[in-house]
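To start, the structure under review is shown below, and the notes come after it.
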Amino acid sequence: MRTKIAELLKEIEQVEISTKDHLESFRLKYLSKKGLIPSLFNDFKDVAATERKEMGMLLNDLKNHAQTILDKFQDSFTSSTESESKLDTSLPAAGLSGSRHPLSIVRRDINGIFQRLGFVISEGPEIEDDFHNFTALNFPEEHPARDMQDTFFISKNPDIALRTHTSSVQVRIMEQGKLPIRIIAPGRVFRNEAISARAHCIFHQIEGLYIDKNVSFADLKQTLYYFAQEFFGPETKIRFRPSYFPFTETSAEMDVSCNICGGKGCNICKHSGWVEILGCGMVDPNVLEACGIDSNEYSGFAFGMGIERITMMKFQINDLRLFFENDLRFLKQFEAVI
Ligand code: DAH
257 MRTKIAELLK
267 EIEQVEISTK
277 DHLESFRLKY
287 LSKKGLIPSL
297 FNDFKDVAAT
307 ERKEMGMLLN
317 DLKNHAQTIL
327 DKFQDSFTSS
337 TESESKLDTS
347 LPAAGLSGSR
357 HPLSIVRRDI
367 NGIFQRLGFV
377 ISEGPEIEDD
387 FHNFTALNFP
397 EEHPARDMQD
407 TFFISKNPDI
417 ALRTHTSSVQ
427 VRIMEQGKLP
437 IRIIAPGRVF
447 RNEAISARAH
457 CIFHQIEGLY
467 IDKNVSFADL
477 KQTLYYFAQE
487 FFGPETKIRF
497 RPSYFPFTET
507 SAEMDVSCNI
517 CGGKGCNICK
527 HSGWVEILGC
537 GMVDPNVLEA
547 CGIDSNEYSG
557 FAFGMGIERI
567 TMMKFQINDL
577 RLFFENDLRF
587 LKQFEAVI
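Just so we're aligned, residue 257 is where the sequence shown starts under my numbering, counting upward by one.
In structure tokens:
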């Protein structure tokens, strides 16, 4: 009996099972009532009393081993055939679960407003060279204006960095030389800043650029006024303050009347009634020339805004880090916004 058990053990280990039929033959041959293993159990009564204990253990091991093999293959066959039969990948999704991230909601809304004005969405690389991020935008080398934006460099000579602003996309579009230009460029930007409630080393901007013949500051004002009213509501007022950016001349920052207190003064607007939302200006002729556009014939305006800042204002969020933590308790609050 001992040799029979050993032989069977070896045999079942070597059986090849690749179809359901193989598996059924295996079951019939070894484990069914008239199978080889149960018939060994029948022979058990003839085993000498002294060997019974040992033989019993060997026999049980054999049976368990065969059963394990059977179960294992049965599982694998049923799970693959079940999923084949139940899963129809051509069916339309039954309603998406989850919700949009607040930054995506705001980006989409801003894009939509400018698209209705005829602006086209453009993109540029997040890893940029010095020319597109700085030099063509009229940041002279060694000029302190470069320190306005603490940069993550990837290599020096040639200088390659993570873009510090989406203004680099302006250069990429102007270089293509197709005029007029009316684009917005949403995207991620990177700055070497300590993370706090008000700053992060990764954030998002939307850049705007409009180049044509006879574009004036009045066009810039009117475009941004339309945007502010569409986005923040028809009561919204705007105001411009003189500012400085190397790539615009004249440069300005635009404030909108605080939509939380209606301009009366609250925590969000630091009791001034106004909130700064973007930088803008007339494209500096040096920038047009660096990108191969004749500045005697063409002029344009540009603007850039931070999506986080606008989202914080819109949803009254007071800590910028919440956008990046993926805390479901925070994200679920935006399920209702579609
Ligand atoms: N690139 C600027 C920044 O990140 C924002 C900006 C200001 C963009 C004025 C513009 C502009 O296009 O005209 O701080």
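Even glycine gets a Cβ: it sits at the ideal position worked out from N, Cα and C.
Just so we're clear, the structure is a prediction, and the values are computed from it rather than from any experiment.
Residue i CB to nearest heavy atom of ligand 1 below 7 Å
{"i": "Phe501", "result": "yes"}
{"i": "Gly380", "result": "no"}
{"i": "Glu431", "result": "no"}
{"i": "Ala558", "result": "yes"}
{"i": "Ser472", "result": "no"}
{"i": "Tyr536", "result": "Per the sequence presented here, residue 536 reads as Cys, with Tyr not at that position. Because some heavy atom of ligand 1 lies under 7 Å away, the Cβ of Cys536 counts as near it: yes."}
{"i": "Gln461", "result": "yes"}
{"i": "Ser360", "result": "no"}
{"i": "His456", "result": "no"}
{"i": "Thr506", "result": "no"}
{"i": "His421", "result": "yes"}
Which residues DSSP lists as bridging residue i, in chain order
{"i": "Val512", "result": "Ile494, Val531"}
{"i": "Leu578", "result": "Paired residue(s): none; Leu578 is not in a bridge."}
{"i": "Ala558", "result": "Leu465, Gly537"}
{"i": "Thr504", "result": "Phe501, Val539"}
{"i": "Val376", "result": "Ile439"}
Bounding residues of the beta strand (DSSP E) (the contiguous stretch that carries residue i)
{"i": "Gly443", "result": "437–446"}
{"i": "Asp468", "result": "458–468"}
{"i": "Glu384", "result": "383–385"}
{"i": "Ile410", "result": "409–411"}
Check: residue i C-beta below 7 Å from any heavy atom of ligand 3
{"i": "Gln478", "result": "Questions concerning ligand 3 fall outside what the structure shown contains, since the ligands it does hold are ligand 1."}
Length of the line joining the Cα atoms of residue i and residue j
{"i": "Glu486", "j": "Ile369", "result": "7 Å"}
{"i": "Arg419", "j": "Asn582", "result": "24 Å"}
{"i": "Ile533", "j": "Arg497", "result": "12 Å"}
{"i": "Ile573", "j": "Ile437", "result": "35 Å"}
{"i": "Asp403", "j": "Pro502", "result": "12 Å"}
{"i": "Glu431", "j": "Asp406", "result": "26 Å"}
{"i": "Thr306", "j": "Gly312", "result": "11 Å"}
{"i": "Glu310", "j": "Asp302", "result": "14 Å"}
{"i": "Ile524", "j": "Asn552", "result": "43 Å"}
{"i": "Pro358", "j": "Asn394", "result": "34 Å"}
{"i": "Glu463", "j": "Pro381", "result": "14 Å"}
{"i": "Val271", "j": "Leu343", "result": "32 Å"}
{"i": "Ala441", "j": "Thr275", "result": "56 Å"}
{"i": "Ile268", "j": "Phe333", "result": "19 Å"}
{"i": "Cys547", "j": "Ala392", "result": "7 Å"}
{"i": "Val674", "j": "Thr422", "result": "Because the chain in this structure spans residues 257 to 594, residue 674 falls outside the shown range and cannot be described."}
Residue i, enclosing alpha helix (DSSP H) - first and last residue
{"i": "Leu284", "result": "Note, Leu284: premise wrong, no alpha helix (DSSP H); not H, not E."}
{"i": "Ile416", "result": "Segment 416–418 is the beta strand (DSSP E) holding Ile416; no alpha helix (DSSP H) there."}
{"i": "Ala392", "result": "Per DSSP, Ala392 belongs to no alpha helix (DSSP H) and is neither H nor E."}
{"i": "Ser360", "result": "358–372"}
{"i": "Lys260", "result": "258–270"}
{"i": "Met430", "result": "423–431"}
{"i": "Gln485", "result": "473–488"}
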